[in-house]
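See structure below.
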Amino acid sequence: MKIRLLFALLLMGFTSLVVQTLLIREFLISFYGNELIIGLILANWIILEAAGSISSSRASLKSQRPLLIYALLQLWIALYLPLSIFFIRTAKNMLGLSLGEGVGIFTVITSSFFILAPLSMFDGAQFPFGCRIFSDFSRKPLESTGRVYILEAIGFIFAGPIFTYLLITKLNSFQIALLLGTVNVLSGILLLKDELKDNLRQIFTVIMYLGLGLIIFVFLGFSSKIHYLSINKQWRDQKVLDYRNSIYGNLVVTKTHEQYTFYSDGIPIITTPTPDIASIEEFIHFVCLSHKNPQELLILSGGAGGIIKEALKYPLTRLDYAELDPVIIQLTKKFSSELTQEELSDPRLNIKYLDGRRFARLTKYKYDIILINLPMPSTLQLNRFFTQEFYKNIKSILKEDGIFAFRLPGSLSYISSELRNLNGSILNTLQAEFAFVKIIPGDSNIFLAAKSDFVISPQIFFNRIKEKNIKTYLLTPTLLSYRLDPSWSDWFRESLGNTSKIRGNFDLLPSGVFYSISYWNALFSQKLQGFFRSLERLNFKILLFVICLVGLCLFFFQRTIPKLRKMSIGFAISTTGFVGMSTNLMIIFAYQSFYGFVFHHLALLVTSFMAGLSFGGWLITKNLFRIKKEVLFFCYLELTFAIFCLSLSPLLIYLGKSPNDNLSFILFILSALSGVLVGLEFPLANKIYVKNKTGLTQTAGILYALDLTGAWFATITASVILVPVIGIIKTCILLVVLKLISLVLIRNSLN
42 MKIRLLFALL LMGFTSLVVQ TLLIREFLIS FYGNELIIGL ILANWIILEA
92 AGSISSSRAS LKSQRPLLIY ALLQLWIALY LPLSIFFIRT AKNMLGLSLG
142 EGVGIFTVIT SSFFILAPLS MFDGAQFPFG CRIFSDFSRK PLESTGRVYI
192 LEAIGFIFAG PIFTYLLITK LNSFQIALLL GTVNVLSGIL LLKDELKDNL
242 RQIFTVIMYL GLGLIIFVFL GFSSKIHYLS INKQWRDQKV LDYRNSIYGN
292 LVVTKTHEQY TFYSDGIPII TTPTPDIASI EEFIHFVCLS HKNPQELLIL
342 SGGAGGIIKE ALKYPLTRLD YAELDPVIIQ LTKKFSSELT QEELSDPRLN
392 IKYLDGRRFA RLTKYKYDII LINLPMPSTL QLNRFFTQEF YKNIKSILKE
442 DGIFAFRLPG SLSYISSELR NLNGSILNTL QAEFAFVKII PGDSNIFLAA
492 KSDFVISPQI FFNRIKEKNI KTYLLTPTLL SYRLDPSWSD WFRESLGNTS
542 KIRGNFDLLP SGVFYSISYW NALFSQKLQG FFRSLERLNF KILLFVICLV
592 GLCLFFFQRT IPKLRKMSIG FAISTTGFVG MSTNLMIIFA YQSFYGFVFH
642 HLALLVTSFM AGLSFGGWLI TKNLFRIKKE VLFFCYLELT FAIFCLSLSP
692 LLIYLGKSPN DNLSFILFIL SALSGVLVGL EFPLANKIYV KNKTGLTQTA
742 GILYALDLTG AWFATITASV ILVPVIGIIK TCILLVVLKL ISLVLIRNSL
792 N
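In this text, residue positions in the sequence shown follow my numbering: the first is 42, and each later residue adds one.
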């Protein structure tokens, strides 16, 4: 029984992480996700999981058959998971939205809430029931919550690499769901193996076997059919030729008439054999014609499907192309056209399957032209290519007369405040590094930057086209005169106005993410424009004052209402959930910014955090009975957490400035230490509550819910508001203050 029980509890954590990651991927494809979408969906999952945990706490305490309930929870998760994938893929159909139509924030929140609710609430209910059955089996009630917490964390550790490197690369989403469901139902059957003493348990065991049979039947015979049925509904009016997951995202190839479209996480990235010729020609030729004689060129992402072909019209001696995901090039070659065959077979082309920012750090070459063909910095991953630190790196690999260029959303009719802030922020950042910055306004604004001055002239451009015998479809003298008329540039600069108060964009202050999300929101959820504009004015000093004022009020109420003193530990656990999730997010983001998107390293960062959490939980649980002054010891842990957050700032600043990649191991240590501190507190808090005569499993469910609630608040505020608006350094200071307030409240409860 012991092995079966341990397996079931490990499976709880394993299933939770796989389900979260799988469904977030599916939502991103359907809703064209950015950081805000990820945060909202994850927040919904966490708060629903917390609701499931707290609502089942009392039931787990009173239940006469906790094993049976736990097994039925496993059965429900197994049966509903495939349905949830189908619902996500067909959500736009049910909402009456077209394939390319953007989705507003309210729609994202409501649809994800209702789709996730039946799954995440039952997932959250597993924890208090798991604590109850472990307590009954071990007869060590004080240790049971801590041990279940540890086992769940170990399940998370195994889930990360297995999902990333095995499941998602070998199986489609339905196959993963059905395989995971099979394992969960088998676990439930094993749990009920010794529970066959009456007819009721026999009936439920038969139900479990029927559920298993149904899952296996679907898995063996219909999983592929359901998979293709759902994606055809999802990509309606387009013929899906290929659908696969890589470790970097989801890739789809569709065909409409004779046109191939390649999608990455639901966003079109390549169109062949007839791409957007006007956009591509303007971008490539406006940049290359600004240089007298470009010979060595670097493209960082998004080159295949026309960009490379146009660049190769120049007498280049070298064209380096950095593309992170090799599957993109594999699919481009598989569904090739004359365009892609021509550009990818040119001997001057050198494809580097490496993160673009990392390549820029490692390359020994200097270039005449450097192009970035990426969307606006709407995610933390994309923002790394729009920061001052990155521009400093680009400047170092650019020749003295070289030109660096990229695009941002624009307009030739009206510049909204959101569009102004986005372009103004990146312009300020670019001007801090480059002496000469010019912008060619359009539906996409082309930014050009250089160390030395360069000329943008319709006549010079046309002369160079003739001299180099470059064949273009649209760049006629008339079009060049119209697009490059100085009045457009003057109008654009006038529309931007004074940008001195718009924040620049940095690795540790990713303002570009917030401005991009604010612009995206203005397009699809205009009702929330006022909210985002108020966030733009968020002031660190005022925020710090408000947090301190709230802490002072809590202290006052605690002194005047003695019953509130018992809530100080619960408040501390919720702040631990918030601080733990915030520090984990900040460390991951810092690693991305400093060292590039090395995906397995990011998986290891998450694993480091969960390993630290497991070790902290094991360490405190092992010594739980030796700790006599539990509340005082808890205060020491709170102080240690505050010191950790305080030390995080200077360490991240140092690592950001250090050119030594070998120091990246420090971030793994920091991630593990953050996990250790979270793991140390939870079992100790449970012991304090139990000593106060609160029911064991009820306590476990409540504390687990408080921990999740803190993490839920962090997913919304830390990655989307705090870090992009006030930066990582000031966010760390807020975390320190939050932990010190928690410490004061606990100390006050001793009096």
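All C-beta atoms, glycine included, are put in the ideal place defined by N, C-alpha and C. Quick caveat: nothing in here was measured; it's all calculated off a predicted structure.
Run through the stretch 136-224 for me and flag every whole alpha helix (DSSP H) of 4 or more residues, listed as ranges in chain order.
-> Qualifying alpha helix (DSSP H) stretches, in chain order: 146-179, 182-203.
Through-space distance from Tyr289 to Ser528, alpha-carbon basis | Here residue 528 corresponds to residue number 487 of the sequence shown, with the count starting at 1. Here residue 289 corresponds to residue number 248 of the sequence shown, with the count starting at 1. Computed Cα separation, rounded: 43 angstroms.
Under the three-state DSSP convention, the category Thr735 falls into | On the sequence shown, residue 735 is found 694 positions in, with the first residue counted as 1. For Thr735, the pLDDT reaches just 49, beneath the cut-off of 50, and the residue's location in the model is therefore unreliable, leaving the point undetermined.
Using the C-alpha atoms, what's the distance from Gly720 back to Trp659?
-> Taking the sequence shown and counting its residues from 1, the one referred to as residue 659 is at position 618. Taking the sequence shown and counting its residues from 1, the one referred to as residue 720 is at position 679. Rounded to whole angstroms, Trp659 and Gly720 show a C-alpha spacing of 8 angstroms.
Express the C-alpha separation of Val717 and Leu341 in angstroms, rounding to a whole number.
-> Here residue 341 refers to the residue found at position 300 when the sequence shown is read from its first residue. Here residue 717 refers to the residue found at position 676 when the sequence shown is read from its first residue. In this structure, the alpha-carbon of Leu341 lies about 38 angstroms from that of Val717.
Would you kindly work out how many angstroms separate the C-alpha atoms of Asn546 and Thr148, rounded to a whole number?
-> The residue labelled residue 546 in the question sits at position 505 within the sequence shown. The residue labelled residue 148 in the question sits at position 107 within the sequence shown. For Asn546 and Thr148, the distance between alpha carbons rounds to 30 angstroms.
Counting only runs of 4+ residues fully inside the stretch 560-620, write out the alpha helix (DSSP H) ranges in chain order.
-> Correct list: 570-577, 581-601.
Can you tell me the Cβ-Cβ gap for Leu763 and Ile628, rounded? I've got them flagged as a contact below 8 angstroms.
-> Counted from its first residue, the sequence shown places residue 763 at position 722. Counted from its first residue, the sequence shown places residue 628 at position 587. The C-beta separation of Leu763 from Ile628 comes to about 15 angstroms, leaving the pair out of contact by the 8 angstroms criterion.
Sequence-distant residues of its chain with Cβ nearer than 8 angstroms to Ser498 (five each side left out) | Numbered from its first residue, the sequence shown carries residue 498 at position 457. These residues qualify, in order along the chain: Leu525.
Proximity to Arg188 [Cα-Cα], best of Leu46, Lys296, Val766, Ala752 = As a first step, residue 188 is located in the sequence shown; it is residue number 147 there, counting from the start. Considering only alpha carbons, the answer is Leu46.
Going by DSSP, name the residue or residues bridged to Ala490.
-> Sequence index remark: in the sequence shown, residue 490 carries index 449 (1-based). In the DSSP output, where bridge partners are listed per residue, Ala490 has Phe445, Val478.
Smallest Cα separation from Ile432: which of Glu379, Leu421, Phe445, Thr295?
-> By one-based count along the sequence shown, residue 432 stands at place 391. The sequence as given places Tyr at residue 432; Ile does not occur at that position. Residue Phe445 is the option with its Cα nearest to Tyr432.
Please report the residue range of the alpha helix (DSSP H) in which Lys126 lies.
-> As a first step, residue 126 must be located in the sequence shown, where it is residue number 85. It should be pointed out that residue 126 corresponds to Ile in this sequence rather than to Lys. In the DSSP assignment, Ile126 falls within the unbroken alpha helix (DSSP H) covering 107-130.
Identity of the residues DSSP links to Tyr636 by a beta bridge | For this step, residue 636 is matched to residue 595 along the sequence shown. According to DSSP, Tyr636 bridges with nothing at all.
Can you tell me which of the three DSSP states Trp514 falls into?
-> As a first step, residue 514 must be located in the sequence shown, where it is residue number 473. For the record, residue 514 in the displayed sequence is Tyr; it is not Trp. Tyr514: coil per DSSP, three-state reduction.
Nonlocal neighbours in the same chain, by C-beta distance under 6 angstroms from Ser276, ignoring five residues either side = Indexing the sequence shown from 1 puts residue 276 at position 235. Residue identity check: residue 276 is Trp in the sequence provided, not Ser. So the qualifying residues of the chain are Thr295.
How is the beta strand (DSSP E) around Phe303 delimited, first residue to last?
-> Locating residue 303 in the sequence shown gives position 262, counting from the first residue. Segment 300-305, the beta strand (DSSP E) holding Phe303.
Alpha-carbon to alpha-carbon, Ser452 and Phe324 = Walking along the sequence shown from the start, residue 324 turns up at place 283. Walking along the sequence shown from the start, residue 452 turns up at place 411. Approximately 15 angstroms between the Cα atoms of the pair.
Do you know how far the Cα of Pro724 is from the Cα of Thr735?
-> As a first step, residue 735 is located in the sequence shown; it is residue number 694 there, counting from the start. As a first step, residue 724 is located in the sequence shown; it is residue number 683 there, counting from the start. Caution applies to Thr735, whose pLDDT of 49 falls short of 50 and renders its modelled position unreliable; the value that the coordinates give is listed next. Their backbone Cα atoms lie some 14 angstroms apart in a straight line.
Please confirm if the stretch 765-779 is in contact with the stretch 669-676, defined as three or more CB-CB distances below 8 angstroms between the two stretches.
-> Counting Cβ pairs under 8 angstroms, fewer than three are found: no touch.
So who's on the other strand from Leu341, going by DSSP bridges?
-> Position 300 of the sequence shown, counting from 1, holds the residue named residue 341. Looking at the DSSP assignment, Leu341 forms a beta bridge with Ala363, Ile413.
Length of the line joining the Cα atoms of Ala401 and Asn424 | Sequence index remark: in the sequence shown, residue 401 carries index 360 (1-based). Sequence index remark: in the sequence shown, residue 424 carries index 383 (1-based). Ala401 and Asn424: Cα-Cα distance of roughly 15 angstroms.
Sequence-distant residues of its chain with Cβ nearer than 6 angstroms to Val144 (five each side left out) = If you number the sequence shown from 1, residue 144 lands on position 103. If we look at Val144 and ignore the five residues flanking it on each side, its Cβ neighbours are Phe72.
So what does DSSP say about Ile456, is it helix, strand or coil?
-> The residue you call residue 456 lines up with position 415 of the sequence shown. If DSSP states are grouped into helix, strand and coil, Ile456 belongs with coil.
Is the number of C-beta pairs between the stretch 97-115 and the stretch 223-235 that are closer than 8 angstroms three or more?
-> By the Cβ criterion, the stretch 97-115 is in contact with the stretch 223-235, since at least three pairs of Cβ atoms, one from each stretch, lie closer than 8 angstroms.
If you count every other CB in all the chains shown that lies within 10 Å of the CB of Val587, and 16 or more means buried, which is it?
-> As a position in the sequence shown, residue 587 is number 546, starting the count at 1. In summary, Val587 is exposed, with fewer than 16 beta-carbon neighbours lying within 10 Å of its beta-carbon over all protein chains present.
Could you give the C-beta distance for Ile95 and Ile614, rounded to a whole number, given that I count them as a contact under 8 angstroms?
-> Position 54 of the sequence shown, counting from 1, holds the residue named residue 95. Position 573 of the sequence shown, counting from 1, holds the residue named residue 614. With 8 angstroms as the limit, Ile95 and Ile614 do not qualify as a contact, their Cβ atoms being about 13 angstroms apart.
Quick one: residues in its chain with C-beta nearer than 8 angstroms to the C-beta of Ile321, no 5 flanking neighbours on either side, listed in chain order?
-> The residue labelled residue 321 in the question sits at position 280 within the sequence shown. Within the same chain, Gly347, Ile348, Glu351 come within 8 angstroms of Ile321 by CB-CB distance, once the 5 residues on both sides are set aside.
Could you please give the first and the last residue of the uninterrupted beta strand (DSSP E) stretch that includes Leu292?
-> Position 251 of the sequence shown holds residue 292. In this chain, the beta strand (DSSP E) harbouring Leu292 covers 290-297.
Met53 classed as buried or exposed, judged by whether at least 16 other C-beta atoms fall within 10 angstroms = Within the sequence shown, the letter at position 12 stands for residue 53. Flag for Met53 reads buried.
Sequence ranges, alpha helix (DSSP H) only - wholly within the stretch 45-100, length at least 4 | Runs found: 76-96.
Best match in Ser179, Lys354, Asp361, Asn789 for proximity to Leu606 [C-alpha to C-alpha] = Here residue 606 refers to the residue found at position 565 when the sequence shown is read from its first residue. Reading off the sequence shown, one finds Arg at residue 606, where the question assumed Leu. Among Ser179, Lys354, Asp361, Asn789, the Cα nearest to that of Arg606 is on Asn789.
Three-state class that DSSP yields for Asp531 in the structure shown = Along the sequence shown, read from residue 1 onward, the residue named residue 531 stands at position 490. In the structure shown, Asp531 sits in a helix (DSSP, three-state: H, G or I).
Just curious, the beta strand (DSSP E) that Ile311 is in, first and last residue?
-> Taking the first residue of the sequence shown as 1, we reach residue 311 at position 270. Unbroken beta strand (DSSP E) run through Ile311: 308-313.
Count the other CB atoms within 10 Å of the CB of Gly137; is the residue buried (16 or more) or exposed (fewer)?
-> Here the question's residue 137 lines up with position 96 in the sequence shown. The residue in question, Gly137, is exposed, as its Cβ has fewer than 16 Cβ neighbours within 10 Å.
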